[in-house]
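Engineer:
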Amino acid sequence: MVSASTVTDIVKESVYSFLHLLPYLLIGIFAGALLEATLSRYQDIGWLKKKSGFFSYLLVSLVGVSTPL
Amino acid sequence: MIPLLTAGAPWALLMPWMISSPLNSPNTFFLIAGALGYPMALAQIVAAVSLGVISGIITDCLERKGYLNDQHFAASRQKPGERKGNANGDGLSGLTMMPAAPTTTKGFRQIFWRSLSKRGTRRLVRQLVIFIFVASAIKILVPTSWIISLFGKEHWYSIPLAAFLGIPLYVSNSSSVPIAQTLVEGGMSPGAALAFLLAGAGTSLPAISGLVAITRGRIVVLYVSLVFIGALFFGLLFSVL
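Heads up: the protein sequence lines correspond to chains A and B, in order. Its first residue numbered 1, the first sequence is counted upward by one per residue in the working numbering. Its first residue numbered 1001, the second sequence is counted upward by one per residue in the working numbering.
The following block contains the structure:
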């Protein structure tokens, strides 16, 4: 059985972890929104027709990791 | 993804997107940096991009040999004589039919604020809070010796085990990061943590269910194989470096 002091420790640890991650979370959300708004200007990707191979895959992958889920 | 599929884009261009997109995002990068440090965050993003490029090359080879013909539902609905995409990128002109991009500052601001306030962002924060609590419970209730005995650097099976563990434990990027942090603090090797993050993200229920809805069996098998083998490879590579 989990004691009351254990639950208190878990809650304290959770609050500490959340406060530690909060600045990173906020930076990530803002960076994601900024990238999404920037990338939305380049929706016409017909240029991919002219390019294929390594650099196309690289560019598509870079766009993939830059897009917030 | 849907406009790309309906425009008949080749799988060799879709696969890098399908693989790299769930593996990383700006939110994930900064959360990993905060929880596990910048080397791990950089390793995760390099692994995601590299896996995307490798998957594009492998998919291109398979596509040229005809193994991936008619693998998406949009293609099966096309009428005979209609244009379809192929490995040379033919058929991509349809992509220009996508909605006009906002070129004004007002349009930019609209998308920026919409992205900040969308449901996905609120869900991300909610899941993070829940899984921070779960991770704290693991930290306090699970003995460190258990974690070291399963995921310690000296065990050869730590990386495959972490990759397998990532499949059921992974709900979203925000949920897995606190759990990975707790496991690393408890003795999990960095390579195993990277394998856990990569395999979990790629094979999570939302990623697979989305894929199953729009593609056919061969693409799903290829996708899962590439993500899982890639997670093992980059996990091993990170533990060696």
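Ideal placement from N, C-alpha and C gives every residue a C-beta, glycine not left out. Computed from a prediction, not measured in an experiment: that's the story for all the values here.
1. Measuring only the C-alpha atoms, how far is L26/A from F1030/B?
2. How long is the line joining the alpha carbons of L1161/B and Q1110/B, rounded to whole angstroms?
3. Starting from W1146/B and walking both ways along the alpha helix (DSSP H), at which residues does that stretch end?
4. Rounding to the nearest angstrom, what Cα-Cα distance links E117/A and G64/A in this structure?
5. Does any CB atom of chain A fall closer than 7 Å to the CB of V1227/B?
6. Could one say the Cβ of V7/A lies closer than 7 Å to chain B's Cβ atoms, at least one of them?
7. My output table needs one value for T1182/B: the three-state DSSP class, helix, strand or coil.
8. On the three-state DSSP scale, how would you describe T1215/B?
9. Assuming S14/A contacts F1133/B (C-beta within less than 8 Å), just tell me the rounded distance between them.
10. Please list the residues of the stretch 1111-1132 of chain B that have a C-beta atom closer than 8 Å to any C-beta atom in chain A, keeping them in chain order.
11. Rounded to the nearest angstrom, how far is the Cβ of A1035/B from that of V1125/B, given a contact under 8 Å?
12. Are there three or more Cβ pairs, one per stretch, closer than 8 Å when the stretch 1152-1167 of chain B is compared with the stretch 1187-1200 of chain B?
13. When Cβ atoms are compared, which residues of the stretch 1178-1199 of chain B fall closer than 7 Å to chain A?
14. Does S1021/B pass the burial test, meaning 16 or more other C-beta atoms within 10 Å, or should it be called exposed?
15. Would you say P1143/B reaches chain A, if we count a Cβ-Cβ gap shorter than 7 Å as a contact?
16. Applying a beta-carbon distance threshold of less than 8 Å, which residues of chain B neighbour S3/A?
17. If the cut is a Cβ gap below 8 Å, which residues of chain B does L19/A touch?
18. Return yes when the C-beta of F1151/B is under 6 Å from any heavy atom of the ligand GTP, and no when it is not.
19. Determine, using beta carbons only, whether L39/A comes closer than 7 Å to chain C.
20. Give the single residue among I1058/B, G1187/B, V1227/B and L1183/B whose Cα lies nearest to the Cα of S1204/B.
21. Count the other CB atoms, across all protein chains shown, that sit within 10 Å of the CB of P1206/B; report buried if there are 16 or more and exposed otherwise.
Structural biologist: A quick look at the data gives this:
1. 9 Å
2. Cα to Cα, the separation comes out at about 44 Å.
3. Segment T1144 to F1151, the alpha helix (DSSP H) holding W1146/B.
4. Residue 117/A lies beyond the residue range present for chain A, which begins at 1 and ends at 69; the question has no answer from this structure.
5. Chain A, which has no Cβ nearer than 7 Å to the Cβ of V1227/B, makes this no.
6. no
7. In the structure shown, T1182/B sits in a helix (DSSP, three-state: H, G or I).
8. Secondary structure at T1215/B: strand, using DSSP grouped into helix, strand and coil.
9. 5 Å
10. I1111, F1112, W1113, S1115, L1116, G1120, T1121, L1124, V1125, L1128, V1129 and I1132
11. Between V1125/B and A1035/B the Cβ distance is about 15 Å, and since that is not below 8 Å, they are no contact.
12. yes
13. P1178
14. So S1021/B ends up on the buried side.
15. no
16. The premise fails here: S3/A is roughly 11 Å from chain B at the closest Cβ pair, so nothing lies under 8 Å.
17. Residues of chain B passing the Cβ test: none, with the nearest at roughly 10 Å.
18. Ligands are entirely absent from the displayed structure, and the ligand GTP is therefore not among its contents.
19. The structure shown contains no chain C; its protein chains are A and B.
20. Distance check between S1204/B and each of I1058/B, G1187/B, V1227/B and L1183/B places V1227/B closest, using alpha-carbon atoms only.
21. By the 16-neighbour rule on beta-carbons within 10 angstroms, P1206/B is exposed.
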